[in-house]
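Report on the following structure.
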Amino acid sequence: MNNCPLCNLDLEPTQTVILSNEHCMFLQLEQARQKGVQLEGAGIIVPKIHRETTFDLTLEEWNATYSLLQDVKKYLDKHYQPQGYNLGWNCGEKAGQHIPHAHFHILPRYEDEPLVGKGIRFMFKDKENNRKTAK
Numbered sequence: 004m005n006n007c008p009l010c011n012l013d014l015e016p017t018q019t020v021i022l023s024n025e026h027c028m029f030l031q032l033e034q035a036r037q038k039g040v041q042l043e044g045a046g047i048i049v050p051k052i053h054r055e056t057t058f059d060l061t062l063e064e065w066n067a068t069y070s071l072l073q074d075v076k077k078y079l080d081k082h083y084q085p086q087g088y089n090l091g092w093n094c095g096e097k098a099g100q101h102i103p104h105a106h107f108h109i110l111p112r113y114e115d116e117p118l119v120g121k122g123i124r125f126m127f128k129d130k131e132n133n134r135k136t137a138k
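Start counting the sequence shown at 4; every next residue gets the next number (our numbering).
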């Protein structure tokens with residue numbers, strides 16, 4: 004996976020490993036570390052071994068992801084003080100996975116956001132997102 008930016012971290016020079024364990028790491032882009040930006044504090048947990056989607060993770064990688072998520076929450080609570088979180092996996096191109104390496108999104112949410120209270124299902128409930136085959 005020579006061209007995978009999650010296998011070869013130097014391909015994306017603005018990303019930093021914030022926390023890690025034996026099987027996975029928490030990455031943040033430089034812009035997410037800036038106060039007041041749209042995705043302040045956001046990052047991803049990725050397996051260290053290339054796995055295309057979440058469905059390809061081993062049990063050890065699942066457990067390591069859970070364990071690291073607990074550490075990530077403590078870190079984000081201390082450094083960014085969000086009032087909530089959205090968490091999610093995109094699996095496959097049609098689901099919005101643009102990098103074919105499994106990655107778990109951690110999105111801190113803040114009370115001063117224009118869409119505060121809107122969860123990840125908000126976009127799916129929009130009538131503009133109705134399937135063409137719906138009757």
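All residues carry an ideal CB built from backbone N, CA and C; glycine is no exception. Computed from a predicted structure; not experimentally measured.
- CA-to-CA, the gap between residue 59 and residue 100 works out to about 14 Å.
- Apart from the 5 residues on each side of it in sequence, residue 15 sits with its Cβ closer than 7 Å to the Cβ of 8 in its chain, given in chain order.
- DSSP links residue 122 through a beta bridge to no other residue.
- Contact annotation: residue 64 and residue 27 have beta-carbon atoms nearer than 8 Å.
- Within 10 angstroms of the beta-carbon of residue 31 lie 16 or more other beta-carbons, which makes it buried.
- Shown here, residue 6 sits in coil according to DSSP, grouped into three states, outside any helix or strand.
- Annotated as proximal: residue 104 and residue 54, with beta-carbon spacing under 8 Å.
- Going by C-alpha positions, residue 22 is about 8 Å away from residue 74.
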